[in-house]
Structures are given as C-alpha cells and as structure tokens.
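Notes for the one structure printed next.
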Amino acid sequence: MRKVIYNQFGDESVLELTEQAVPGIQKDQLLIRVKAISINPLDWKVYGGEMKLMSGSKFPKSVGIDFSGIVEQTGSTVTRFKAGDAIVGLLDVFKGGALADYVAVKETDIAPKPANLSFEQAAALPVTGLSAMQIIDQLAAVGSNQDILINGATGGIGVFAVQIAKKRGARVTAVVSTKGVAAAKQWGADTIVDYTRQDIRLLGQQFDAVIDLSTKLSFADAKTLMKKRSVFITTLPSPLTLIYSFINNLFSGKKLKVLILKSTAEGLNTLTKLAEAGLQIVLDKTYLVTNVREAYQEASQGSIIGKSVIVLN
Ligand SMILES: NC(=O)c1ccc[n+]([C@@H]2O[C@H](COP(=O)([O-])OP(=O)(O)OC[C@H]3O[C@@H](n4cnc5c(N)ncnc54)[C@H](OP(=O)(O)O)[C@@H]3O)[C@@H](O)[C@H]2O)c1
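Counting in the UniProt record's numbering, the sequence shown runs from 1 upward without gaps.
Structure follows, in structure tokens:
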C-alpha cells in the first residue's frame, strides 16, 4: 500500500510517498481503507520539527491526523463496527499515520460517517471541529448574549467556531482577510472586520471572549478588547504560557486559556451529530496523494477558506 512518511524534519520536501506492507490488526483494532485525510497546520509544525518535545525525534514518521474511510476488517473484540461501515476518525496528533491506503485504529478513534457528508467533507471535520467545540463550549463557555471575537474566522477551526458560537446564542465578531468577508457573513457572523483594513486592537469594543486562531494576536494586545471579566484563548500551548496563565488566572479577571486538543470518542460522536444537524463544512482544495508535497506547500502558505483535503484511491 502507499503511505506518506518522512525521515528527517524539514519543509514539505521531506515527505515521501512510499510502498509499505498493509498493517496487521490486534484483536481490539480495525483496518480502515482510507478515502481522504485533511491538512492541518499541526502537520507542518510536527514535520517541521517545531514539536519535537511531543513528537520525539525517532524516524520514520508519518502524517495525516484526521481521516475518513471504510472498515475493511475488524478484530475479534470489536463490537460497534463491521466491514463495509463508512467512518470518520482521528489519530494521535503527534504521530499521525492516516495518509496511507490503510490504517489500523481502535474503536475509540472513529465514529460513523454522517450520511449527509462526502468522504472529503467528513475528513475535514475531526481536528478542527473538536478544537472549535472545546474552545466554544469548554474554554470560553460561550452562552447566549455574550460578545465573542474570533480572530482568524475563515480558517479550519474558525469556520466551525463561528457556527457553534452562533448556535449558543452569542453575538460573533469575525476577523478575516478581504477574501473571507462574504463567507463569514454566510456562516452567520454578526460583525465582520477585515484585518487588512483595520487594526483590531483599535476596535474600541470589549468582548466576553477573544479567541485567537491566527497566532498573531498576543494576550497583552488582546487586553484592550477584553471586558473586565473575560477570557482570551490561544491555540499555542507552551510550558511558559501554561505557567503564565496559571499565575495570571489567580489574580486577574481577564483570564488566559490555552487549547490543548483532547480527542475522545464521546466528543467525536457529538461532533458528527452536529454535522448531521447541518454544521457547514467548507472545503477549499482537494489533492491526490501523488501531489502530497504540492498540497502541503500550498496549504502552509495560508489563504485557504475552510480546509484542504488529500484523497486516496
Ligand atoms: N493547541 C492545540 O491543541 C491545537 C489544535 C488544533 C489546531 N491548533 C492550532 O490552531 C491554529 C488555528 O488552526 P486552523 O486549523 O484554524 O488554522 P488555519 O486554517 O491556518 O487558520 C488560521 C486563520 O488565521 C487567519 N489569519 C492569518 N493572519 C491573520 C491576522 N494577522 N489576523 C487575523 N487572522 C489572521 C488566516 O486567514 P487568512 O488566510 O485569510 O489570512 C486563517 O483563516 C493553528 O496554529 C493550529 O496549529 C492547535
């Protein structure tokens, strides 16, 4: 089978499409024929070596965190799925391995694919959908009548964060670049700010939650946008930020919270239910696995609305 691996850290040129043996499965595992995977910024942070502490430095390594596919074979203790089922799932974010014709997974890594989604749409759901759910429902605990600012609202997480925050009854200000203005309006944002025309630090409005998905807005700069009792969310975990947030949150009403994605079977099932109920999934580009380097090169340049996916077949 085909599998994308790498043997050193670097840019997308380290990614190699190789021939490997189809993995065997343990009794609690399933063999999945992968149909599509989605591209995440985490991918190039990991293969770029930025996350060595978590990923380790042993090679070969693999890419592809979230995926959709069809159950090919089940181990003897698997009860919830059978051969032929269409599924969606995600793997350990620091190990990946889904960018392959087949992958071995556990039942807790997958959920049934919503029937209303294509395999490409379904692959685009897990990492960014779970991140958005965790940010809106747990870290920001968004409720009705709250004012929420989402900085980077047309990216993978932003598309879902805007829609989930609106479902919770919040007033959403979406910060986007010019090409994303119409899209953010379509997903229900109440106010759209084009960051290429306006410095958001000078908006003159305060929010209950400021969610930075761009990695460009610091907590210090965000403070002018925060109500006395409010929360700032960053997606960049580092030991220093975690220590700083612990101390800050003891003394300040302006809290700092850090996203550390937790993947659970329950979360994945809740997310697929949201998708069945109409959560919009926005696909930008679809690539063939044979064009893997081009796919990651283009995606890492930015300017994508929603998600890009890679298909296998
Ligand atoms: N900590 C965790 O557990 C965890 C989990 C998942 C993801 N993440 C991280 O979360 C971040 C967001 O993920 P994602 O998938 O949503 O990424 P993404 O698809 O790359 O989205 C980032 C967004 O930021 C926007 N942006 C860029 N510069 C901006 C600026 N100066 N002001 C406002 N917006 C700007 C981009 O819009 P334009 O292209 O239009 O400029 C884009 O829409 C990534 O860094 C990812 O690695 C962390």
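Cβ atoms here follow ideal geometry from the backbone N, Cα and C, with glycine treated the same way.
It should be emphasised that the depicted structure is a prediction, and the values quoted were computed from it without experimental measurement.
Would the C-beta of residue i count as close to ligand 1, meaning under 8 Å from any of its heavy atoms?
| i | result |
| --- | --- |
| Ala111 | no |
| Asn313 | no |
| Ala36 | no |
| Ile164 | no |
| Tyr195 | yes |
| Ser214 | yes |
| Thr173 | no |
| Leu236 | yes |
| Leu268 | no |
| Pro126 | no |
| Thr154 | yes |
| Lys185 | no |
Give the DSSP-derived three-state secondary structure of residue i in the structure shown.
| i | result |
| --- | --- |
| Arg293 | helix |
| Lys52 | helix |
| Met1 | coil |
| Asp28 | coil |
| Phe67 | strand |
| Ile150 | strand |
| Arg201 | helix |
| Ser245 | helix |
| Ile37 | strand |
| Leu15 | coil |
| Gln163 | helix |
Short check: CB of residue i to CB of residue j, under 9 Å?
| i | j | result |
| --- | --- | --- |
| Val63 | Phe94 | no |
| Val159 | Lys307 | yes |
| Ala161 | Ala132 | yes |
| Ile39 | Ile110 | no |
| Leu271 | Leu130 | yes |
| Leu91 | Val78 | no |
| Asp208 | Val231 | yes |
| Leu256 | Ser245 | yes |
| Val289 | Val4 | yes |
| Val309 | Leu283 | yes |
| Pro114 | Val88 | yes |
| Ala265 | Thr108 | yes |
| Ile37 | Gln73 | no |
Mind checking residue i: buried by the 16 CB within 10 Å criterion, or exposed?
| i | result |
| --- | --- |
| Gly10 | exposed |
| Asp147 | buried |
| Asn151 | buried |
| residue 314 | Because the chain spans 1 through 313 in this model, residue 314 falls outside it and cannot be assessed. |
| Ser68 | buried |
| Phe251 | exposed |
| Glu50 | exposed |
| Ile136 | buried |
| Ala165 | buried |
| Glu294 | exposed |
| Ala275 | buried |
| Asp28 | exposed |
Runs of 4 residues minimum, wholly inside the segment 77–125: which ones carry the alpha helix (DSSP H) assignment? Every unbroken stretch of the alpha helix (DSSP H) spanning 4 or more residues and falling wholly within the segment 77–125 is given here in chain order: 119–123.
Run through the segment 182–239 for me and flag every whole beta strand (DSSP E) of 3 or more residues, listed as ranges in chain order. Under the rule that a run must span 3 or more residues, the beta strand (DSSP E) segments found entirely inside the segment 182–239 read 191–194, 207–212, 226–234.
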